[in-house]
Structures are given as structure tokens and as C-alpha cells.
Amino acid sequence: MATRVVGVLLVLMGVGSLVPRNVEAARRSGVGVRVSSISLSSLRHPNVETGHPHILAIQQNNTVSPSLVSRLSRVLSLRDYNTRVVLLGTTILGITAGIVGTFMLLRKRALVGDVVGHSALPGIAIAFLVMEGLSPGTGKWLPGLLLGAFAFGLAGAVTVMLIDKFSRIKADAAMAMTLSVFYGLGAALFTIVQRVPGGNAAGLKTYLNGKTASLVADDVWLFVGIATVVLVLAMLFMKELTILCFDEQFAAAEGWPVFWLDTLLIGLVVTVTIVGMQSVGLILVVATLIIPPASARFWTDDIRLMTLGAGLVGGMSSFFGTVISALFPRMAAGAVIVLTGASLFALSLLFGSKRGVLVHAWQQRKLRHDVGRVDLLRACFELVEHAVSDPIPTHEEMMDHEILLGDLVSMRAWDLSTLRRLVAVAEKDGLMQHTGDDNWRLTETGAEEARRIARNHRLWEMYLMQYAHIAPSHVDRDADLIEHVLDPELIAELEYQLDHPEEAVPVSSHATTGSSSG
Amino acid sequence: MIQEFFHLLSGWSSLDTAIAGSAALTAMSCALPGAWLVLRKHSMMGDALSHSALPGVVLAFLVAVGMRQAGWISSGQQDALLQMFLFAGAVLVGVGTAWLTEWVQRLGRLESGASLGVVFTAVFALGLLLIRLDVDDVHIDVDCVLFGIIEMAALDTIPGTSIPEPVLVNGAIFVLNLLLTVLFYKELTLAAFDPALATSLGIPARGIHYGLMAITAMTVVAAFTTVGSILVIGLLIIPSATALMFSERLMVVLGLSVGIAALSAVLGHALTLTLPRMIFSRLGYPTIEDAGTAGMMSVTAGMLFVIALVFAPKHGIVSKLIHRFRLGLKIAGDDLLGLLFRIEEQTAARPTDVSVPDLVAKQNGINRWVMSLSVRSLLRGDFITRQASGELSLTDRGRESAKSLVRAHRLWEAYMAKHFELPDDHLHETAHRVEHFIDDAIQDRLQSELKSPSKDPHGKSIPRRSDT
Amino acid sequence: MTVAYHRRPVIWDVDYDTPAGELIAIVGPNGAGKSTLIKAALDLVPKVSGDVRVFGQPYEDQRERVAYVPQRTSVDWDFPVSALDVVTMGLYGKIGWFRPVTRKWRKAAREALDRVGLADFAKRQISQLSGGQQQRVFLARALVQEADLYLMDEPFAGVDAATERAILQVLRDLRSTGKTALVVHHDLQTVADYFDHVLMLNMRLVASGPTAEVFTEENLRRTYGGRLALLDQVGTRLAEGQ
């Protein structure tokens, strides 16, 4: 059984060919693959609940576990010292990654984090081998491993930039290549690491694979320290990084050291990625860089707020992700953190106050509503205008005139049912009142509004004809849409440019009856 | 060293042949869709597809096992159906990921990389949870994992033959991809180069995009057998990126990609058997015998790319450096010839100072070493001769060449003086820079536009071309 | 029609009937919406309102009668294809699915290259062509389509004299065979020499008609006399509102 499970995982995780001879032997003898050979696969599976490889975890799952409620209360009350430490660690990492990720997203280099994460793998293996070679038994010293990961992560990012700059290969291909070559090197080195005599590689993974549960206080303090440095740097250079992301050439022209700023940003990203790997694993670490700022973007147009929001989303996904995975033993923390983030992203995409899909849809609806109202009132105005002898009807005439839907329907290209709907809405808005079967009258506000709309509309038409030289037969086209963006300031501008007296409604510049306006 | 390499390789067995063969076919099957991804600048889509295939694979397992448990199919049928489900699941999730990416990008007004990053990590994370929730479940008979590890799969031969199973599966995918590439060559090219034109000619660029995504997803899943989900990205992208360094013809690029892919696979396996032992036995770890083939394939492909990056005939770094060096040599020679000509013009005394080359080098900021190389090549080419006393003078041939240069220089000065409001002392500098690049045809055009001037702005006479 | 870009109207109410069999220039300042007009006609950018009819029918039904010469910057010139390959692409629609590019088609492409004076460059990779030559490759690609209406986006921009002459010759040949060409043009000096009709655009149609009548100093002043601030402002608000 174990063999088979390991087989699936190994293959899926790209370390399928780790131990050729072993597997062969395993097939012949029918015994399970040595546990040591799965260390890499678990590297990709942050495994919260135990410090053991998966196979053991499965067996553990069959044992009786405490009830959900008691686990929930234990996790949430932060009674465990360990839970507190882990939550603090992952949350800090989430916040930091979100904030640094904002700049990468705005710099349109979101996927660099993916390259950095994958590229770090050989660095970890080499750091282990070097430390083990220098002094056996010290191979798993965390700062050393992080340093190795940092060096190779940085090398990956730099390789992408170099290939992009000095060859005809484009950035996207350069990223994909770098990512897989470095990762390939890591995979090959890890098979070797596992066979180094005395090099307890099985333990190595507990530092690498983002096993949040095995974090100890010392590690977390290290993360907190690194995160603080990163955050302080990001805040300190906020202005400069913003300029770099927005307009690199302008920044260069203004005399900012663009190269060094870029180096700083890459350095921050690599640092955050390497440390962030501890909580979600190296494949998914890119998500902690992209998802938070992408979510925050839906709520604000201000880069400062976006940075804060990204930190918030990053912190929240890490916090809740960790809590959930602590409650359900079979849920890998990394995956849950990413999925929590993705859910927050989906919520932001839908409900975001600035760019959210629903806000946009609601605005569209409101727009249609507005346009319908404007169209109706203007048609009413024109109807009254035709009925009264005076060229421009007075306010009283507007209110007194009985409007028949039958007359109104011929004013525009609309049918009776549409018109009835519009009128019903207008009644609810207090613009029109029902006086008989299909007979209506404008209310005080309605008359006022109709007059204002007609006036604005005609000013705009006059402007188009006078300044844009658009033929009279064409000016009416989109005027209803334009109507609702003509605010007092613009109207004043129109009056000024047309030298038109305040208050007065100009005579329409073209025929207003029938559905000429289409 | 080399002996050791071949000694270690001598242990190559039929199993190694099977592994290398399977690996080569996998790499070749990936190279074709990968090439189109690179050409369309969608390489990271390969990254996304290979990650997002995970839940597709898990779902296929669940469905197949579920069907057997429900008693609808037998165990044997399950194995047969699984491969189909795997492909179907991969295509479904792959196309879904591509569609979702596009959707998020459009609705969320996000940059494509960002929306890709959001979507594929989420899908992959979902796959991870699915695996842990269900595939880990002891009830699943993972014998249906036909795609074992490559070394394991290579042992799985087709009944009655000695052909490993991955050879069949990946071979079939390769043939399919080859066939599709041939059939849709025109449409794929056009949609990659200029989608707007494709659309205006009635070729559905979007349909081609999704078709390519489906095929890529299928290829990726088939390749899991040998290389797993991350390294497959390398197989998709690196061969064609390497091929692009060598050729500018699309057909050649595609052909080369396939060849390079096969080479990386075979060489990768050979290096697996040799390199780790050679390195680590020296480091004092004699027990290290080999490393994983998949990782080494990727590294080998990367090494081949670096070799191409450095040594490719036209776009390689070395070739660019050589080109630049040659140009420097030519400019140094031109400058020397020009000065010798001007000295002749002024003094009519043929032999010149011994130190002329040094002078030219110093004046124009040319490396002395380059200058002396250039003098040697001019001597060899019979452009100049060296007197017994060491002084240099122009030969007839050199004088012709120098005349053309000086002519180009002065014509350009005249042209600049006519069209730009520049002080006279500024004219020389640009003329000095461009004189090397003004050939006879441009000289003629300058001459006719300037109405055959005889003097340059400084009053020096413009030499006539001898053949006119 | 009115065309919006990122929901922001860039051209308002252009209503224009192209005379057939003429060379028509579209002129106007930067940001006047010249390229957008052409792209909208080809359905490459969405229209807010209005429709485009080609020879009296909707564009979708008349695709093969329209050829488009985009701006040079619209494609990746590092793409591994030769000049001849690019020209042949213009024929892919006609060749149809699954059918190979036979000698007949390559011959047609070669002839088109010859017409723009690039017969000797057929095998060159496109990045090794000069800007003017690249432009001529695009022109040749449109020529092989044997369309009746040619839409060209700044074909004369930044080209050498030889290319300018070649393009002009091609345009005149097109006219003499009864084809129509709508050309976005930036060089006011040559409008009167090169074109029969002119369309003067600045966010709206300022003037249109035979060059001799319309291309006047008065119209030029109106075309190039700055953007209409209010038109711009209202357009922005509309974009925000939607």
C-alpha cells in the first residue's frame, strides 16, 4: 500500500526518478520504498499536523482524534504555546509577502516569485551538503539553509533578467526555463543528499517543506526579525519603489538609481519568498505574493491603501488557513492558506468596492435606470413643448399638461410596455403621478427635472454643432448617455462657451417629434 | 575523466535503454506544443497547465475507482478507462484553467501574469487537498497508477513484447502532436504571429488558443510518467528556446526542438549515471551512484541552452563578440588608411612616421593591441607596405580603399553642413563615426543630391571615385 | 459610429461613405482617433454605436474583400519567419484548413513581393529587414489578399524614400484597377499629391470630400486646432460612469 501511495505522490511531484535502483529492488522484493525517498515529495506538501512523512500520517489518521469542538476551542483560545508560535509565524509571513508582492504586481513581474521559489531548491541541497561537509550533523541549521536558498533564488531571478536582456529569448520563456532547470538541479541534488551517509535527509525536509507545525519559537523569531527588516525597508523606500513600478524611465530621468532600486526590490522579493516557503512550500509561495495585492486592487486605487490591504489579505489568509488546517488534520496548511487567499480573491473580485464585478454591474444597472428616466422626462418635455403655443413651456404648463402614454410612445423608438415600466419607475421616484388610465402628469420635481434635462441636452447639442461641427441630424445620438455626466461645472462651462443666459431653455436645434432621435 | 565517463557508461543496460527511450519520446512529445507556447509568448501557461493538471489527475482516479467500487466496471476495465479519464481530466482542467485565467484577467482587469498566478496556484492547492483527502485514502487501489516512476514504468512492457509502456503512450502523443502541427501549421503560425490578421481572415485565433491549451494539457499529463509536473515545463520550453538561438526559420526551429529534446533526454540519462558519481566520489562520498533522471534531463536541457546562448552561430554571445571585434579591427584599419591618405595629400612625401599606428590608436581611443593586429592584416592584404626603416606607406590598392573612405567622410560632412546648422568643427566627429558604413551606393546618392561637390565644408577636396 | 477605447469615446459620431475606387487619406493630430477608426471598422475594437458596411453589406460577410495593413509595431519581428512566409500568411484564409501551401500560392506571394520591390528579400528573416522593407512586406501581404478595400494604418510612417515611392506606386496601381484604399496619413505635405479624397479627423469628423475642395487651410486649422476640451472631459466622465 505504502509503495503505491508513494508512487503516486512521487510521480506527481516530479521526483519520480529519484531512486531507480531502489524501486527496481522494491518491485522485485515487494517491500515498500524506503521512507527516505519520499522526503522531496513531502517538501511540496506542507504537513501541519505531524512531523512525519505522509505514509505515517495516513496510519495516524486512523487513530481516534479529539472532537472538532475541542480542537476548535484549543486552537482558537491559543492555549497551546505551539499554536501561538505557528500562528504568529505564518501570519507575519503572510503580511510581509502581501506587502512586497504589491510592488511586484504593479511592476508586472508577478510570476518572478514562482521562479525564485523553484530556484531555491538546489540552494537548500547545496547548503546542506556544504554544512554537513564542514562539520557533520550541522547540515540542518536553518539560517544556513535560508542563505543557500536565498543565493539560488536570487540567482534564478538574475538569470531571468540576463536571458531577457542579452538574448533573443523573451522573458516568459526565460522564466519557464530558469524555473525548471534550477528545480531539476535541485531534484537531482536531493536524491544525492538522501544518500549521503550520515546526512539525515529525512529530517532535512522538516525545515524545508513548510511544515508549519514543526516551527519552533526560535524559527519564528528569526522570521519576525527578517520580516521586520523587509517591512521597514519597504516602507522606507515606498515612494521610490512606487515611482519605479509606475514609470521606470521617468524614475531614471529624474535621477533615481533605478538599477539599485530594482536590486532592492528583487532582494526583498527573494527574501520574502524564501522565508515564505516555510509556511506554504515552494510551489505555492508565489501565491502569497500575488493573491493579496491582486485582491486588494479591487478595493482601492491608492497604492498606499493597496499595500495595506495586501498585507491584510495576506495576514488573514495565513491566519485562517493555519487555523483551518490545524482543525482538520488531513488538510495541508500550505494548500489551505492558498485556497483561503483564493477565496478572499474571489470575494474581492465579486464585491470589491472599486473594481469589483458586482459594483460594476450595479453601476450599469443604475446607468440604465438613469438613462431611462432622462429619456422619459425629455420626451415629456418635448411633448408639452409641442402642445403649448409658447415655444418654451413654463413650469406651470409643464405641471398642468396631461400626458397620454399613447402620445408619448410616438416620441421615441420604444414600445408601450417599456414606456409603462419607465413611467412606473418615475412614479416611484416621485417624478410623475397617475391621473387616469394611461394619463399622467409631471409632479413639481418631475417638471423641474424635465426642464433641466431638456436644457442641458440642448446646450450640449449646440456645443456639438457649434464647436465640433457635427451635423444637426446626428447630434441627438448618444445624448441621453451624456446627459447624466453633465454636472453643474460642465454645464457652466457650456453656458460660458455658448454665451448662453442662465435658466433659459434653448429651442431645440432639430425636429423633436417622432422617433427621429432613434 | 573522459575515460571514467565511458567506463561508468559501460554499465548501460537494456533497462537504461528503455528509460532513455521513454524519456526521449516524452521530451519529443513536449517539444512541439512547447514550441508554439514559446512563439506565442505564453511559456508560463505551460507552467500553469502542468501545475493545474494535478486535480485533473486526482479526479480521474476518483472517477475510475468510484466506478469500479459501484460495480459498473471490472478491475481490468478500470485500468483501461483510467488512461482515458486521465487525458479527459487533464484536458478539462487545462482548458478550464486557461479559460479561468482569461476570465479573471478580463473581469478583474489584471495583468495576464498575475491572473495566471492566482488561478494556477489555487487550482494546484485544490489538487493537493483532493489528494490528501481522497487519494491518500487506503481504499483507492493505486495499482491503477499506470504512470509509475519512469524507471518503474520502463519495466512495464506491453504484453508480449519488450517495448516499455511509456514508449507507446508518449510515442502516440508525439505522433499526434506531429500530425496536428503538420495539419494546422498555417493556422498555428498565423495565430501566433498576428492574431488580428488571423481573425480578419476568418481563422479563429481563440479556438486555436484553446485547442493548443488542450493538447498541451494532455501532453503534460502523459509526460508526468517520466518527469513529473515541474520538470515537464522545462521539456516544453527549453528545447524550442534553444532552437530559436540557432535558426530563424520556423520549420527548422520546430525540427530542431524535437531533436534537442531527444538529445537532452538521452544525454540526461547518461549524465545521471556518470556525473554524480564522478563528482561525489571526489568529494569523498563513494556511495553516491546516480541521481534522478528527470532532474538531470532538465539540467542537461538547460546546459544545452547555455551552450547555444554562448556559441550559437549568429545570435550567440561569442559570435556577437567576434563580430564586434572584427568591426573594431576594420575601424582601426580604416582610421590608419585614412590618416596615411591625408598625410600623403598634405605633404606628398610618401613614407611616413614609424609611430603613425600608435598615433591613430591614441587619437581614436583604439586598443594598441587591436591596432597592431590591424596593421598586420593590412600588410597581409597588401593595403600598406613597410619600408626597411619601419615607416608605413599606402600601396595602390590601399590608396584606392583610403580614397573611398575619405570621400565618404567628406561627402557626409558636406551633407551634414547642408542640412544641419552645425558649427564646422562638429562635422568631423559624426563623419568620422559613419564613414565606415557609407558604401558606394550611398556615396553616389550623396554625390547626386549634393550636385557633385568638389570641396568639403573645410575646403578640402573630395576625391573622385577612380572608376568614374 | 462612435468608438470607445477602454470605454472612453475616442471618436464621436463619424458618419462617412467611402467613395469606391479612390485613394482616401485619413488625417488628424495625434490622438484624433485615426487608427481607432480603422480598427473599429475591422471589429478589432468595440464600437459603442453604429455599424460598418462594406460594399453595402455587414463587414462579417465581406471579410475577404477587405485587407488591412497594420502599424509595424503590432507584431513581433523576431518571429522566425521569412518575408515570403509573412506575405503567404495573407493567403491562409483562401488556402483553407488542412491544405498545404503549394507552389501556386507561393508564386502569388512572390509576385506581391515583387510588386513592392522586395523580390530579392523573399528568404530574409523579417528582423533583418529595414523598417521600410518591413512596411512593404505588410503591404505585399495585403496585396495578395486581392481585396477590394484596403485599410492602411500609417504605411508611410518612418519609411525611406524608396519605400515611399514603392507604396505610392502600389496605391496608384490599386486605384487604376478600381480598388479603394483608406490610408491613415501623417504627412500633410503630401496629402494633396497622393490622395483624391481626404477625411479630416479630430475626435470627430471635421471635414471630408475631394482633396481639392476639402483640404483647405480653414479645415486644417479646425482639425489641428487642439482637442475639444469639453468633448474630452465628457468622454472621460462617461468612461467612469459606465
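Residue numbers (the numbering used here), protein chains in the order written: chain H, 1 to 518; chain R, 1001 to 1468; chain W, 2001 to 2242.
Beta carbons are placed, not taken as given, at the ideal position from N, Cα and C, and that holds for glycine.
Supposed contact pair residue j and residue i - C-beta distance, whole angstroms, cut 8 Å
i, j, result
"residue 2021 (chain W)", "residue 2180 (chain W)", "6 Å"
"residue 268 (chain H)", "residue 234 (chain H)", "6 Å"
"residue 125 (chain H)", "residue 1295 (chain R)", "About 11 Å separates the two Cβ atoms, so there is no contact after all."
"residue 1244 (chain R)", "residue 168 (chain H)", "7 Å"
"residue 451 (chain H)", "residue 500 (chain H)", "Contact flag wrong, Cβ pair sits at about 15 Å."
"residue 1093 (chain R)", "residue 1217 (chain R)", "7 Å"
"residue 1169 (chain R)", "residue 1090 (chain R)", "With a Cβ gap of about 13 Å, residue 1169 (chain R) and residue 1090 (chain R) do not count as contacting."
"residue 1229 (chain R)", "residue 1050 (chain R)", "5 Å"
"residue 113 (chain H)", "residue 286 (chain H)", "4 Å"
Residue burial classification, residue i (beta-carbon count within 10 angstroms, cutoff 16)
i, result
"residue 1006 (chain R)", "exposed"
"residue 358 (chain H)", "exposed"
"residue 2134 (chain W)", "buried"
"residue 538 (chain H)", "The structure shown does not extend to residue 538 (chain H), since chain H is modelled only from 1 to 518, so the question has no answer here."
"residue 1136 (chain R)", "Confidence is the limiting factor: at residue 1136 (chain R) the pLDDT is only 43, short of 50, which leaves the residue's position unreliable, though a coordinate-based value still follows. It counts as buried."
"residue 1317 (chain R)", "exposed"
"residue 1413 (chain R)", "buried"
"residue 1288 (chain R)", "buried"
"residue 1270 (chain R)", "buried"
"residue 2165 (chain W)", "exposed"
"residue 423 (chain H)", "buried"
"residue 439 (chain H)", "exposed"
"residue 1084 (chain R)", "exposed"
"residue 263 (chain H)", "exposed"
"residue 1024 (chain R)", "buried"
"residue 1403 (chain R)", "buried"
"residue 219 (chain H)", "buried"
Counterpart residues of residue i in DSSP-defined beta bridges
i, result
"residue 506 (chain H)", "According to DSSP, which records beta bridges pairwise, residue 506 (chain H) is partnered with nothing at all."
"residue 439 (chain H)", "H:404"
"residue 2057 (chain W)", "W:2054"
"residue 1392 (chain R)", "R:1386"
"residue 2025 (chain W)", "W:2183 and W:2198"
"residue 2067 (chain W)", "W:2150"
"residue 2125 (chain W)", "W:2082"
"residue 1461 (chain R)", "R:1455"
"residue 433 (chain H)", "H:441"
Give the residues from the region 1281-1302 of chain R that approach chain H closer than 9 Å (Cβ to any Cβ), ordered along the chain. Answer in chain order: 1283, 1284, 1285, 1287, 1288, 1289, 1290, 1291, 1292, 1293, 1294, 1295, 1296, 1297, 1298, 1299, 1300, 1301 and 1302.
**Prompt:** Which residue spans inside the region 2151-2216 of chain W form an unbroken beta strand (DSSP E) run of at least 3?
**Reply:** 2180-2184, 2197-2201 and 2205-2210
In the region 120-175 of chain H, which residue ranges form an unbroken alpha helix (DSSP H) of at least 4 residues, counting only runs that do not cross its ends?
142-166
Q: Give, in chain order, every unbroken run of the alpha helix (DSSP H) that is at least 4 residues long and sits entirely within the region 1313-1369 of chain R.
A: 1317-1347 and 1356-1364
In the region 1192-1208 of chain R, which residues sit with their C-beta less than 9 Å from some C-beta in chain W, listed in chain order?
1192, 1193, 1194, 1196, 1197, 1198, 1199, 1200, 1201, 1202 and 1203
At a Cβ cut of 9 Å, what residues of the region 1035-1054 of chain R count as close to chain W, listed as they run along the chain? 1039 and 1041
- Query: Name the residues in the region 1239-1255 of chain R whose C-beta lies less than 7 Å from a C-beta of chain W; which are they?
  - Reply: 1244, 1247, 1248, 1249, 1250 and 1253
Fully enclosed by the region 220-271 of chain H, which alpha helix (DSSP H) runs are 4 residues long or longer? Entirely contained in the region 220-271 of chain H, the alpha helix (DSSP H) runs reaching 4 residues are, in chain order, 238-246 and 248-253.
Taking Cβ-Cβ distances below 9 Å as the criterion, which residues of the region 2070-2086 of chain W are in contact with chain R? 2070, 2074, 2075, 2076, 2078, 2079, 2080, 2081, 2082, 2085 and 2086
Q. Using Cβ-Cβ distances below 8 Å, what residues of the region 1299-1324 of chain R are close to chain H?
A. 1299, 1301, 1302, 1305, 1309, 1315 and 1317
**OP:** Compile a chain-ordered list of the residues in the region 290-314 of chain H whose CB is closer than 9 Å to at least one CB of chain R.
**Re:** 290, 291, 293, 294, 295, 297 and 298
#### Entry: Residues in the region 1112-1123 of chain R having any Cβ partner in chain H nearer than 8 Å
1113, 1114, 1115, 1116, 1117, 1118, 1121 and 1122
What residues in the region 1158-1183 of chain R have a beta carbon less than 7 Å from any beta carbon of chain W?
1183
>> By the 9 Å beta-carbon criterion, what residues does the region 1072-1104 of chain R contribute toward chain H?
In response: Within the region 1072-1104 of chain R, 1104 place their CB atoms closer than 9 Å to a CB of chain H, listed in sequence order.
Q) Closer than 8 Å, Cβ to any Cβ of chain R: which residues of the region 443-459 of chain H, in chain order? A) none
Starting from the N-terminal side, write out each stretch of the beta strand (DSSP E) that is 3 residues or longer and does not extend beyond the region 1049-1089 of chain R.
Entirely contained in the region 1049-1089 of chain R, not one beta strand (DSSP E) run reaches 3 residues.
Original post:
According to a CB-to-CB cut-off of less than 8 Å, which residues of the region 1372-1390 of chain R neighbour chain H?
Top reply: none
For this session: Only counting runs of 4 or more residues, tell me where the alpha helix (DSSP H) segments fall wholly within the region 2095-2125 of chain W, in order along the chain.
Result: 2103-2115
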